[in-house]
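Peer 1: Take this structure, written in structure tokens, and hold onto it; I'll ask about it next.
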Amino acid sequence: MLASILALACLQGPVVINEFSYDDSGTDDREYIEVYNPSSAAISLAGWKVESRDANGTTASYTLPATASVPSQGFLTIGSGAISGIGVSIGSQDLFPNDNDGLYLVDTTGAVIDAVIYETNKGKWPAAAPYLRGEGVWGNHALIDNFDLSWQLPRDGLSFNNSRAFHLRPWTPGKTNRIASAIPYADNFDAGIVGSDVTGWAGSFRHPKYIDPTVADADNPNAITASPQGGKAAIFWDNSGGGNAHVYLSDWSRDLVVEAYVYFDAKLEATGYQEAWSVGIQGCCGTYYNLPDPVNGGANGNTGISATFIVNDTEAALYLIDHNDGASGATAATNEVVLGKIVLKAGIDDGWKRLRLSVSGNQAELFFGGTYGCGDGQRLAGTVSAPAFGGVYVGYREYILDNKTTRPFTCDQMDIHVPTTSLSTYGTAKATTVGTPEIGANGQPVIGYMGFAITGDKLVPAQPALVLLGAQKINVDLGPVGGQSGAFLLTAPLLIGTVLADAQGQASLPVPIPCDKGLLGVNVLWQILDVDPALAIKLPFGTSMGLETKLGN
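Just so it is clear: in the sequence shown, position 13 is 32 by my numbering, and no numbers are missing.
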């Protein structure tokens with residue numbers, strides 16, 4: 020995994036902006052940037068400048084003293100002298116503008132060594148373009164007193180772009196940002212004390228709380244039934260109103276499954292009002308969790324992949340969204356992509372439902388309803404444009420008249436784990452006179468996914484093809500027995516199915532997978548033998564590569 024991260028990441032210069040905060044909820048006396056030195060020797064920053072720049076030019080400039088130095092593989096914190104352990108004090112408060120600006124680290128020659136452009140949902144300007152690295156940091160931010168989530172790189176110095184790489188995490192000025200992996204995670208919340216903070220999570224305005232869902236109190240706005248698991252639950256919101264971001268405290272990950280029982284309230288809001296939540300992986304969200312797209316404006320800033328639920332005065336809908344780098348709207352370089360949508364009806368689709376969000380490779384899937392631990396229920400799926408490492412997050416925001424009628428993100432029996440399914444190819448393919456047959460699948464082989472299918476592409480149009488199912492890999496050349504030389508049989512078939520390619524040379528063989536935990540970890544091998552009448556031989560087949568599927572959840 021580390022090698023993959025390093026392949027994705029880039030170090031912008033000899034030193035890197037590793038963590039920062041430009042606003043806080045008090046007197047703005049906790050503003051700072053943290054600089055990280057990845058090299059094997061100390062680097063002097065004597066005479067360098069930390070600058071703020073916006074569309075109108077330089078808004079603040081601070082020259083660093085002769086003593087400013089970043090130790091090898093260490094940190095230098097530059098900012099308010101009110102911060103305990105500050106490395107270089109450049110003032111006490113109001114050091115940096117609070118929105119739509121940039122922080123620049125400039126050496127003695129005037130060269131920009133690193134920069135971060137933030138709150139780009141409010142605009143971009145030509146001079147900032149070389150330093151955006153993606154969309155800049157799109158979402159809005161403040162360091163909230165007593166909660167203290169800053170923007171930071173989860174792996175010190177590693178940044179594949181600004182908008183996707185910076186995450187909200189508990190601030191660590193002068194210390195490493197890296198948190199140990201806490202995956203897998205499983206919690207039914209029953210061991211928690213009602214009213215206390217949920218272990219393993221942090222919130223921007225308020226941490227998630229343990230609740231008794233059947234009792235209305237300061238944390239639970241109204242009584243609901245217990246989940247199918249029973250007992251206590253967890254609620255994610257700021258009970259004083261507005262928006263709130265929550266982050267799971269673990270090292271960043273890529274392929275993940277997040278599954279839980281979630282309470283859905285599909286009753287429509289009054290005219291002009293709404294509430295929304297997101298559960299996301301491979302990313303993060305802004306401090307305020309501004310109301311999300313696709314329904315709202317572009318200030319939200321979610322990154323990665325999310326299940327997003329929005330209830331307004333016209334519909335209640337659950338979305339699977341690829342947020343890419345967090346931008347949305349006319350100024351976005353890469354807008355979010357809605358991969359699917361389910362409209363929920365009050366009294367029919369609401370209450371406690373199993374929710375399963377997963378990303379594996381470039382495939383994202385969302386299951387609504389169905390059996391916990393299985394791939395049944397209503398399914399949304401799509402291709403992720405740019406899979407990346409990131410965090411697990413939950414955001415909630417309300418804009419309604421009476422907070423007692425809200426239903427913030429409320430869950431039970433939450434599980435976060437790396438998918439145990441896999442899809443991989445092996446061996447070599449042999450072309451027909453039309454093209455080289457390709458084999459794949461329409462999703463991950465999750466137990467319970469009754470819509471699972473083996474797919475073929477680049478087949479001979481309007482001709483049959485054989486789909487082999489086996490359990491043992493072989494490598495038998497069909498040439499000596501009447502086939503093409505170099506066409507290999509790659510699995511010893513236990514079963515053989517037949518499909519008919521369409522006019523585009525595509526075909527699909529349904530293979531329903533039962534929701535049977537005894538199938539977990541089972542490997543099944545597949546291969547397509549594509550019939551080509553133009554091959555004047557005894558076995559007129561083109562052959563696909565082999566496909567190995569590992570059943571899991």
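Here a beta-carbon is modelled for each residue, glycine too, at the ideal position from N, C-alpha and C.
Identify the residues that DSSP records as bridge partners of V465: which are they?
Peer 2: G571
Peer 1: Could you work out which residue in G249, G176 and A221 is closest to A210 when comparing CA atoms only?
Peer 2: G249
Peer 1: At a cut of 8 Å, does the segment 390-401 reach the segment 360-376 through at least three beta carbon pairs?
Peer 2: Yes, the segment 390-401 touches the segment 360-376.
Peer 1: Give the straight-line distance between the Cα atoms of A26 and T447, rounded to the nearest whole angstrom.
Peer 2: Low local confidence applies: a pLDDT of 36 at A26 is under 50, so the model's placement there is unreliable, with the coordinate-based value given in what follows. Distance between the alpha carbons of A26 and T447 is about 27 Å.
Peer 1: Hey, how far is the Cα of W545 from the Cα of N494?
Peer 2: 13 Å
Peer 1: Taking only runs that begin and end inside the segment 319-402, name each unbroken beta strand (DSSP E) of 3 or more residues, in chain order.
Peer 2: Counting only runs of 3+ residues, the beta strand (DSSP E) found wholly inside the segment 319-402 occupies 324-330, 335-341, 356-363, 370-379, 382-387 and 397-402, in chain order.
Peer 1: DSSP on V500, reduced to helix/strand/coil?
Peer 2: helix
Peer 1: What residue range is occupied by the uninterrupted alpha helix (DSSP H) comprising S182?
Peer 2: N181 to A184
Peer 1: What first and last residue would you give for the beta strand (DSSP E) that runs through H265?
Peer 2: H265 -> beta strand (DSSP E) spans G262 to Y267.
Peer 1: With DSSP run on the structure shown, which of helix, strand or coil describes T139?
Peer 2: helix
Peer 1: Considering only the beta carbon of each residue, do D395 and G467 sit closer than 8 Å?
Peer 2: yes
Peer 1: So, do the segment 289-308 and the segment 235-253 have three or more beta carbon pairs nearer to each other than 8 Å?
Peer 2: no
Peer 1: What are the partner residues of T429, as DSSP defines its beta bridges?
Peer 2: DSSP output for T429 lists I254 as bridge partner(s).
Peer 1: Count the CB pairs spanning the segment 268-278 and the segment 449-456 that are closer than 8 Å, and state whether there are at least three.
Peer 2: no
Peer 1: Can the beta-carbon of T440 be found less than 8 Å from the beta-carbon of G571?
Peer 2: yes
Peer 1: Does DSSP classify A146 as helix, strand or coil?
Peer 2: helix
Peer 1: Return helix, strand or coil for G537, following the three-state DSSP convention.
Peer 2: In the structure shown, G537 sits in a helix (DSSP, three-state: H, G or I).
Peer 1: Since L374 and A326 should fall inside the 8 Å C-beta cutoff, what is the C-beta to C-beta distance between them, to a whole number of angstroms?
Peer 2: 6 Å
Peer 1: Between the segment 153-166 and the segment 303-319, can you find at least three pairs of beta-carbon atoms closer than 8 Å?
Peer 2: Contact between the segment 303-319 and the segment 153-166 is present: three or more C-beta pairs spanning the two stretches fall below 8 Å.
Peer 1: Since G100 and Y51 are thought to touch, with beta carbons under 8 Å apart, how far apart are those beta carbons, to the nearest angstrom?
Peer 2: The pair is not a contact, with the Cβ atoms about 10 Å apart (cut-off 8 Å).
Peer 1: Could you tell me whether the Cβ atoms of T128 and Y282 are closer together than 8 Å?
Peer 2: no
Peer 1: On a CA-only basis, which of L339, K372, G454 and G320 is nearest S347? Give me that one, please.
Peer 2: It is G320.
Peer 1: So, is S563 buried or exposed, given that buried needs 16 or more other C-beta atoms within 10 angstroms?
Peer 2: buried
Peer 1: With DSSP run on the structure shown, which of helix, strand or coil describes K286?
Peer 2: coil
Peer 1: Less than 8 Å separating the beta-carbons of I182 and E38?
Peer 2: First, the residue type needs correcting, since residue 182 is Ser and not Ile in the sequence shown. In this structure, E38 does not lie closer than 8 Å to S182 by Cβ.
Peer 1: For the beta strand (DSSP E) that contains N13, what are its first and last residues?
Peer 2: The structure shown has nothing for residue 13, since the chain only spans 20 to 572.
Peer 1: Mapping DSSP to helix, strand and coil, what is K68?
Peer 2: Correct three-state label for K68: strand.
Peer 1: Assess, as a yes-or-no matter, whether the segment 411-420 is touched by the segment 523-538 under the definition of 3 or more beta carbon pairs within less than 8 Å.
Peer 2: no
Peer 1: Per the contact definition of three or more C-beta pairs closer than 8 Å, is the segment 116-126 in contact with the segment 265-276?
Peer 2: no
Peer 1: Would D206 be called buried (16 or more neighbouring beta carbons within 10 Å of its own) or exposed?
Peer 2: Sixteen is the threshold: when 16 or more other Cβ atoms of the shown chains lie within 10 Å of the Cβ of D206, as they do, the residue is buried.
Peer 1: Run the CB neighbour count on V234, radius 10 Å, all protein chains shown included, and call it buried at 16 or more, exposed below.
Peer 2: exposed
Peer 1: Between the alpha carbons of V217 and G410, how many angstroms are there, rounded?
Peer 2: 17 Å
Peer 1: Considering only DSSP beta bridges, list what D206 is partnered with.
Peer 2: Per DSSP, M433.
Peer 1: Determine the burial state of M20: buried for a count of at least 16 other Cβ atoms within 10 Å of its Cβ, exposed for fewer.
Peer 2: Any reading at M20 must be qualified, since the residue scores a pLDDT of 39, below 50, and its modelled position is unreliable; no value is offered.
Peer 1: With H, G and I counted as helix, E and B as strand and the rest as coil, what does DSSP make of K194?
Peer 2: coil
Peer 1: With 16 as the cutoff for other CB atoms within 10 Å, does V135 come out buried or exposed?
Peer 2: buried
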